[in-house]
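Residue numbers (this note's numbering), protein chains in the order written: chain A, 10 to 292; chain D, 10 to 292; chain P, 10 to 292; chain R, 10 to 292.
Heads up, the thing below is written out as structure tokens.
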């Protein structure tokens with residue numbers, strides 16, 4: 010395809026959109042979708058995501074990027090061109106509960122998640138058959154907190170070999186070390202089984218049950234070194250009532266987790282999510 | 010009307026429903042609606058709410074209650090007969106923001122909240138005209154944390170004079186003392202402007218904004234002496250996104266707060282809410 | 010298990026609940042959950058669903074049913090005892106789109122749909138591998154409107170051989186004949202891909218797109234001989250906007266269809282759905 | 010204020026955004042928010058809404074519009090500059106049920122609906138006190154289908170005298186004539202009490218009840234001469250169940266109608282709604 014995306018973050022000032030869109034026009038790039046957000050037009054941060062079509066984009070891309078540098082410098086931009094034909098390569102991490110993994114595999118099979126699922130890594134063998142049936146490599150790496158370092162070394166090696174852009178924690182129940190996280194800034198997406206910041210940490214459904222809430226939820230966020238404190242991409246909730254046990258909440262929660270994670274991953278691979286501080290702009 | 014409600018909480022054991030419904034039948038009471046919940050059929054707590062119709066209920070009520078004592082004793086019941094014609098008498102407390110008060114007045118005028126609004130108490134004069142236009146007494150009692158005791162003495166006196174059954178904190182922004190709360194167990198309904206247990210305490214919308222959540226919410230709960238920790242009656246949420254400032258969230262939140270509080274009050278006055286520990290059964 | 014369910018529909022009159030619960034108590038059946046609804050306490054129809062536990066239920070069941078006849082006669086009841094250990098036997102019909110089938114298989118594998126999936130019947134071969142991998146027989150019966158009669162004969166024979174209680178049309182895109190439908194009253198559950206009664210019939214997403222709706226939906230209902238007019242069990246919706254093409258709506262709709270059908274099937278097999286006229290009571 | 014909005018609709022082609030944003034930049038207008046949508050980048054219709062800030066806009070406006078004509082001609086644009094300081098002038102029409110009117114008045118009082126409510130017209134006297142208490146003129150014009158023409162003449166005269174830009178039918182239960190509608194294209198906003206296209210026409214809640222739906226809804230749309238067929242601006246729904254009578258649905262529906270109409274009006278006065286054929290783009 011000849012579709013590209015230009016993502017920009019910079020200090021706001023007059024003339025940014027004009028400069029960028031004029032640049033694109035002069036390079037024969039027709040805008041398909043333009044989203045823009047300014048935190049504060051008088052002195053805040055400016056964000057844009059522009060999807061464009063450009064004949065012969067594969068060849069033109071490098072030239073485009075070189076020549077854009079001038080515009081970028083003028084406005085002190087952080088910027089990135091992405092090409093729709095360069096699919097992101099994802100690694101999915103999973104533990105015992107398969108529902109989030111299955112949802113991703115399914116959406117991917119239906120053609121609704123435009124990425125390569127390069128491999129699945131798990132500390133359990135449970136999902137091997139399902140994953141391998143789709144010709145996706147499955148790596149079983151037993152894990153616990155005492156061997157965290159060795160485990161992550163194996164994982165990092167695989168991520169390198171498979172040239173991974175994106176790590177999806179699809180209910181992977183091991184904590185990642187600060188080094189691992191630091192090596193993948195805004196590239197690890199987690200699903201937490203509560204509407205954060207409620208019920209940070211372990212056993213959220215049990216604690217939701219104990220508190221007697223009338224809503225349960227799930228939150229997909231980028232992983233940072235503060236547990237469950239990273240930038241939120243998407244959240245959703247469902248109703249529960251006094252008849253629901255903690256076990257019922259877990260079951261009902263699965264459906265919520267599945268759709269929240271799938272949406273977050275979809276938006277990420279479409280370059281719709283821009284992280285700013287501890288928040289996200291989702292175009 | 011000849012409609013009554015029987016609310017029961019007791020240790021579960023076989024035969025409760027049979028005993029109660031047989032009693033009602035023998036007293037010519039026809040069941041209109043029966044809700045039942047057992048936390049655990051083998052040894053938990055049993056709850057029921059039975060709405061019934063009984064000819065000449067006003068006269069029969071006392072006899073019914075006397076004779077029910079025998080059934081109640083047999084099963085160690087906590088129980089209560091309520092009569093729909095005895096409207097609960099509510100006091101609404103409000104500070105500056107009127108939206109929750111207005112919603113309650115409105116639903117009440119439409120005939121959708123079957124209670125008497127006996128008076129409104131506020132630490133501001135703002136809502137006086139609106140309230141008095143409906144022939145509801147309005148008491149202005151300035152308040153701050155230094156004069157809490159004197160303020161509550163005045164309030165308690167009014168509650169006594171007006172024979173109040175129910176206190177509704179419709180965005181009343183003063184903290185109540187433990188004595189005040191203890192005097193009204195499960196009779197003070199508050200609306201908190203977050204989906205608890207997220208954002209307990211002050212300035213929840215500002216903190217929601219800072220955290221970058223994608224959902225905001227509101228929670229209605231009975232007040233206990235643990236701030237925002239009382240039994241939850243109802244919660245609901247709305248979507249926000251990166252374009253919403255804390256101020257936008259406050260505005261959007263008003264609509265959620267209004268409907269959550271109105272539902273909680275409605276369920277309370279229909280005797281649908283039974284408190285058990287720190288949770289509610291809502292029939 | 011020793012869990013049974015008693016489902017009753019009869020003209021309302023005083024004493025029904027007392028009579029039934031007294032009967033259960035006398036037969037050592039302890040009530041686990043009781044739901045009751047009366048369309049109009051003075052002269053309408055009464056519905057109840059009682060879940061109970063009874064020692065040695067397998068053996069006692071027949072006796073229970075015989076002796077209940079007396080109570081039933083007294084109140085002119087339509088009634089039925091179901092035993093949780095007698096799983097319903099379902100046939101799933103599917104055409105090309107697999108998402109609803111997959112959702113059912115998944116929920117079933119997770120232990121959330123307590124039924125036997127006895128077989129899958131399809132007019133396409135697409136889903137064979139998925140279904141057979143779960144040791145469920147898969148029957149490919151090509152179908153079109155010219156051979157409807159022969160097709161249904163084959164299907165009916167399979168339903169008989171497999172002793173089917175429930176037919177689930179999981180996006181089965183062939184119309185059933187009146188004879189077929191009449192043979193399975195309130196036993197065929199369909200998922201229609203719109204919020205009925207909007208967009209009855211073919212191509213609802215395209216028509217939703219053309220109309221410019223801001224919500225799309227799905228409806229699960231029992232099949233009758235009036236197309237898409239049968240008793241509704243469950244409905245749900247999702248938001249769309251001007252950026253969504255008909256194709257986008259189809260994709261978004263799949264998620265809605267999946268959860269609506271799964272809920273309807275769950276409620277049906279738990280005996281929570283009682284049909285009355287062209288409506289359902291869902292306990 | 011110095012905030013303006015530029016709304017454009019034109020055939021899509023490369024270079025539109027560049028031309029428009031360059032024009033704005035050259036006129037010292039800084040973009041606050043830019044939304045853009047292209048039905049089909051290769052040959053469809055292009056829509057944009059640009060909110061900008063420009064020093065001394067009141068004085069500059071006319072010059073801006075004159076000079077923009079050149080850009081507009083180049084791309085065959087339909088276009089319009091609106092100035093935030095020029096509040097739209099609305100007339101609210103209401104019949105007996107006041108809830109939608111009250112919601113609008115309330116949001117307006119809270120500062121959340123930036124428009125002038127120039128007058129209220131009703132075929133009943135019920136709302137007079139409420140409206141006049143806010144210093145808004147109230148005109149009682151009795152109406153029925155036999156005197157439709159005379160009624161509308163009176164109404165049209167008032168609309169002219171008060172220089173009305175927007176007519177809001179806040180549960181106004183009289184049908185408007187084709188002439189009246191034709192005179193106000195895309196300027197009459199109605200609230201219909203169902204999720205269209207379900208239950209077009211009269212008595213939607215009764216029909217929803219009869220059909221046994223599990224969701225009720227409301228739809229706000231521009232009025233055209235096809236009853237309830239105009240471009241939809243916003244829709245929302247709420248859950249109902251078998252216990253809800255048609256009367257209960259009406260009550261529950263009021264809350265939905267209120268928020269759907271308020272949102273639609275808010276979006277309209279912020280120039281976020283662009284009509285295209287029988288659909289809307291809502292930015």
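Beta carbons are placed, not taken as given, at the ideal position from N, Cα and C, and that holds for glycine.
| Check | Outcome |
| --- | --- |
| CB of residue 280 of chain A within 7 Å of CB of residue 91 of chain A, strictly | yes |
| Any C-beta of chain P under 7 Å from that of residue 260 of chain A | yes |
| Residue 127 of chain A versus A/121, A/82, A/177, A/135, residue with shortest Cα-Cα distance | A/177 |
| Assigned exposure category for residue 72 of chain R - 16 Cβ within 10 Å defines buried | exposed |
| Same chain, Cβ closer than 6 Å to residue 108 of chain P, neighbours up to 5 away in sequence not counted | 263, 267 |
| Between the CA atoms of residue 14 of chain A and residue 290 of chain A - distance to the nearest angstrom | 16 Å |
| Cβ of residue 142 of chain A within 7 Å of any chain D Cβ | no |
| Interface residues of chain R facing residue 264 of chain D [CB-CB closer than 8 Å] | 268 |
| Below-7 Å beta-carbon distance, residue 121 of chain P vs any chain A residue | yes |
| Under the three-state DSSP convention, the category residue 100 of chain R falls into | strand |
| Reduced DSSP secondary structure (H/G/I, E/B, other) of residue 213 of chain R | helix |
| 7 Å Cβ cutoff, residue 24 of chain R in contact with chain A | yes |
| Range of the contiguous beta strand (DSSP E) that encloses residue 293 of chain A | Lying outside 10 to 292, the shown extent of chain A, residue 293 of chain A is not represented and no answer is given. |
| Assigned secondary structure, residue 272 of chain P (DSSP; H/G/I helix, E/B strand, else coil) | helix |
| Contacting residues, own chain, Cβ-Cβ under 8 Å from residue 80 of chain A (five flanking each side not counted) | 28, 29, 32, 86 |
| Spatial neighbours of residue 19 of chain R in its chain, beta-carbon cut-off 6 Å, leaving aside the 5 residues before and after | 55, 84, 85, 86 |
| Three-state secondary structure (DSSP) of residue 89 of chain P | strand |
| Interface residues of chain R facing residue 246 of chain P [CB-CB closer than 7 Å] | 224, 246 |
| Residue-level contact to chain A via CB, residue 39 of chain R, 7 Å cutoff | yes |
| DSSP three-state assignment for residue 121 of chain R, whether helix, strand or coil | coil |
| Minimum length 4: unbroken alpha helix (DSSP H) runs contained in the stretch 137-175 of chain P | 137-141, 157-170 |
| Contact list for residue 206 of chain D against chain A, beta-carbon separation under 8 Å | 207, 208, 220, 222 |
| Positions along the stretch 43-57 of chain D whose CB lies within less than 7 Å of some CB in chain P | 43, 45, 47, 50 |
| Test: residue 290 of chain D CB closer than 7 Å to a CB of chain A | yes |
| Bounding residues of the beta strand (DSSP E) (the contiguous stretch that carries residue 26 of chain A) | Unbroken run through residue 26 of chain A is the alpha helix (DSSP H), 25-35; no beta strand (DSSP E). |
| CA-to-CA distance, residue 131 of chain P to residue 102 of chain P, given in whole angstroms | 6 Å |
| Closest by C-alpha distance to residue 129 of chain R, when choosing among R/228, R/214, R/181 | R/181 |
| Own chain partners of residue 94 of chain P with C-beta closer than 6 Å, once the 5 adjacent residues on each side are dropped | 10 |
| Test: residue 27 of chain A CB closer than 7 Å to a CB of chain R | yes |
| Closer than 7 Å to chain P by CB, residue 198 of chain R | no |
| Contact set for residue 70 of chain D: own chain, Cβ-Cβ below 8 Å, skip 5 residues either direction | 13, 90, 92 |
| Residue(s) in a DSSP beta bridge with residue 187 of chain D | DSSP output for residue 187 of chain D lists no bridge partner at all. |
| 8 Å Cβ cut-off: residues of chain R touching residue 241 of chain P | 220, 221, 222, 223 |
| Beta-carbon proximity list for residue 218 of chain P, same chain, < 8 Å, skipping 5 on both sides | 253, 254, 255, 258 |
| Distance CB(residue 261 of chain D)-CB(residue 247 of chain D) smaller than 7 Å | yes |
| Straight-line Cα distance separating residue 224 of chain D from residue 3 of chain R | Limits of chain R in this structure are 10 at one end and 292 at the other, which puts residue 3 of chain R out of reach. |
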